[in-house]
Amino acid sequence: MLRADTDPYFALGVLICPKPQELYKKIRSIRDRHKYYYELKWGGMSKLKYGIGKDILDAVFNTPGVRFSCMILRKGELDFDKYFGGDFWKVYSSFTIALLKLNLRSPNHSGAGEDDIICVIGDNYFTPTNIDLESQIKDIVNDHYRDLRVMGFCQMDSKSCDLLQVADLCLGAVLYDLKVLEKVVLYRQNYKDKFLKYLHYKLGVPRSFFISGRNFIRNNFKITIFDPAKSTTQLKIKTGQGPQRSSPVI
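Residue numbers (our numbering): 750 to 999.
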């Protein structure tokens, strides 16, 4: 997972839904209309799945409050052995925490708005049984804010969760855009191209998310490419099982 020769990027995405039931009902209606009840994954994009995915994008952008955000790491830019001991789960937990902190909103300086308090459903990465990753992430985020911000964290199979599939489609399209721009993808795929172009259209992007640099923010859609050169702060992670460890964060 951390080897640059297999895939030059490591990425995490989050779909934040204040009222997930509203988006879920729309997706269920789309599935009924297309008579398609299988998992939607970016890797299996086809003519049928493109049509369904296009309708789902419309539903996402037409549902108030829905936000998507992702963080991308170029594996060649970060020394995983130095900062994480080559441990994938330390990388996953550290950057999951960073991604959540980038997207949890608090009241503005005038006191307007409310704190985001969320329940996280994560794709099942088959965490080793001796690692309570979900509780660690929840406790660290809540400790950072000195308040309840993450009520719970549960991993589940994406086959059983439409919202995880939506996050996968969005993250897959963003990574495909970057891979095309950086010539990692040499043979473009027709329906992946169409889906990406439709996402560009929904966000008013003429060519690529990455033409102007590492970051993109527009209409509740946020992309961040992690930049180790600018990450001079350290995230102190209390594990509850010994001394603190430090990892680079945005």
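Note that CB positions come from ideal geometry on N, CA and C, so glycine has one too.
(message) By alpha-carbon positions, which one of Lys768, Lys831, Asn939 ends up nearest to Pro705?
(response) Outside the modelled stretch of the chain, which goes from 750 to 999, sits residue 705, for which no answer is possible.
(request) Using three-state DSSP, classify Asn873 as helix, strand or coil. (result) As a working note, residue 873 is residue 124 in the sequence shown. Asn873 falls in the coil class under three-state DSSP.
(request) Name the residue from Arg937, Leu918, Leu924, Ile974 whose alpha carbon lies nearest to the alpha carbon of Ile805. (result) As a working note, residue 805 is residue 56 in the sequence shown. Comparing alpha-carbon positions, the option among Arg937, Leu918, Leu924, Ile974 lying closest to Ile805 turns out to be Leu918.
(request) Note down the Cα distance separating Asn964 from Ile972, rounded to an integer number of angstroms. (result) On the sequence shown, position 215 is the one that residue 964 refers to. On the sequence shown, position 223 is the one that residue 972 refers to. Cα-Cα distance, rounded: 5 angstroms.
(request) Note down, in chain order, each residue of its chain lying with its Cβ closer than 7 angstroms to the Cβ of Gly802, except the 5 sequence neighbours on either side. (result) Reading the sequence shown from its first residue, position 53 is the one you call residue 802. Answer for Gly802: Leu789, Leu918, Phe944, listed in chain order.
(message) Which residue marks the beginning of the alpha helix (DSSP H) containing Ser818, and which one marks its end?
(response) The count along the sequence shown starts at 1 and reaches residue 818 at position 69. Run containing Ser818: none in the alpha helix (DSSP H); it sits in the beta strand (DSSP E), 816–823.
(request) Alpha carbon to alpha carbon, how far is Lys824 from Pro757? Give it in angstroms, no decimals. (result) As a working note, residue 757 is residue 8 in the sequence shown. As a working note, residue 824 is residue 75 in the sequence shown. Pro757 and Lys824: Cα-Cα distance of roughly 6 angstroms.
(message) I need the straight-line Cα distance from Ser778 to Thr876, nearest angstrom please.
(response) The residue you call residue 778 lines up with position 29 of the sequence shown. The residue you call residue 876 lines up with position 127 of the sequence shown. When rounded, the distance between both Cα atoms is 33 angstroms.
(message) Helix, strand or coil, according to DSSP, for Lys796 in the structure here?
(response) If you number the sequence shown from 1, residue 796 lands on position 47. It is helical.
(request) Just confirm the distance between the C-beta atoms of Thr812 and Leu772, as a whole number of angstroms; I'd bet it's less than 8 angstroms. (result) As a working mapping, residue 812 is identified with position 63 in the sequence shown. As a working mapping, residue 772 is identified with position 23 in the sequence shown. The Cβ separation is near 5 angstroms, so the contact holds.
(message) Tell me the DSSP secondary structure of Arg777 in three-state form.
(response) Taking the sequence shown and counting its residues from 1, one reaches residue 777 at position 28. DSSP places Arg777 in helix when its eight states are reduced to three.
(request) Identify whether Ile866 lies in helix, strand or coil by the three-state DSSP scheme. (result) Counted from its first residue, the sequence shown places residue 866 at position 117. Three-state result, Ile866: coil.
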